[in-house]
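A.B. asks: All the letters of the sequence shown, read from the start, carry residue numbers 1 to 168 under UniProt numbering.
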Amino acid sequence: MRVLGIDPGLRNMGWGVIDVSGARLTHVANGICHSEPGDLAERLLSLHRDLTEVLRRFAPDAAAVENTFVNKDAVATLKLGQARGIALLVPAQAGIRVGEYAPNAVKKTVVGVGHAAKAQIDHMVRIHLPGVQISGPDAADALAIAICHAHHVQSSGRLEAALARAAR
């Protein structure tokens with residue numbers, strides 16, 4: 001299974017692609033979509049275009065996006081929500097189901113604690129994906145989201161298999 005993780009952002013939208021085979025995770029690619037200067041509509045369009053190209057290039061089977069947290073600046077939260085809409089829309093347009101995870105759930109899965117710092121996330125992503133060259137903090141977060149999704153999909157698959165065996 002190939003998983004695309006997306007860290008939504010209006011200026012910088014991180015993305016990371018991993019392959020999952022059993023418990024083995026392999027880095028495929030990562031990067032950052034930078035929105036073009038201009039009004040909000042132009043910025044969203046450039047993110048849509050760039051993320052669509054990522055999906056075309058890497059053909060993921062699944063995608064995951066981090067949930068938006070609400071901060072004190074309502075305008076910034078709304079703009080981030082619009083960028084998150086692009087992060088949800090592009091995989092959906094390609095027929096890919098999208099998992100959504102709270103930031104603390106991603107951190108807990110990858111680092112082991114729900115309030116990990118960016119440096120800890122980067123460090124643990126490098127442990128999960130040895131030899132990875134990370135394009136920046138947004139790409140590290142996106143890879144962490146992909147890893148989180150891979151773990152949750154594997155866990156739910158094991159649970160479903162156990163329930164099916166118990167039902168026999």
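Note that the Cβ used here is the ideal one computed from N, Cα and C, for glycine as well.
Name, in chain order, the residues that DSSP records as bridge partners for Arg24.
C.D. replies: Ser21
A.B. asks: Taking the C-alpha atoms as reference points, what is the distance between Ile86 and Cys33?
C.D. replies: Rounded to the nearest angstrom, the two C-alpha atoms are 12 Å apart.
A.B. asks: Taking just the CA atoms, how far does Ile145 sit from Val3?
C.D. replies: Distance between Val3 and Ile145, taken at the CA atoms: about 9 Å.
A.B. asks: What is the DSSP secondary structure of residue 244, reduced to helix, strand or coil?
C.D. replies: The shown model of the chain, from 1 to 168, leaves out residue 244, and the question about it has no answer.
A.B. asks: At the level of alpha carbons, what is the spacing between Gly99 and Ile6?
C.D. replies: 10 Å
A.B. asks: Would you report the Cα separation of His123 and Lys107, rounded to the nearest angstrom?
C.D. replies: 12 Å
A.B. asks: I need the DSSP call for Gly38, collapsed to helix, strand or coil.
C.D. replies: coil
A.B. asks: Taking a contact to mean a Cβ-Cβ separation below 7 Å, would you say Thr109 touches Arg84 in this structure?
C.D. replies: no
A.B. asks: Does DSSP put Asn67 in a helix, in a strand, or in coil?
C.D. replies: Here Asn67 sits in coil by DSSP.
A.B. asks: Answer with buried or exposed for Glu42, where buried requires no fewer than 16 other C-beta atoms within 10 angstroms of its C-beta.
C.D. replies: exposed
A.B. asks: Alpha carbon to alpha carbon, how far is Ser35 from Ala139? Give it in angstroms, no decimals.
C.D. replies: 15 Å
A.B. asks: Rounded to a whole number of angstroms, what is the C-alpha to C-alpha distance between Val54 and Met13?
C.D. replies: 12 Å
A.B. asks: Just list the alpha helix (DSSP H) runs in the region 60-111, keeping only unbroken ones of 4 residues or longer that don't cross its boundaries, in chain order.
C.D. replies: 74-93, 103-110
A.B. asks: Could you have a look at Leu51 and say whether DSSP puts it in helix, strand or coil?
C.D. replies: helix
A.B. asks: Taking only the alpha-carbon atoms, compute the straight-line gap between Arg11 and Asn30 and give it to the nearest angstrom.
C.D. replies: 16 Å
A.B. asks: Which residues in the same chain as Val111 place their Cβ atom closer than 7 Å to its Cβ, once the five residues preceding and following it in sequence are excluded?
C.D. replies: Around Val111: Gln120, Ile121, Met124.
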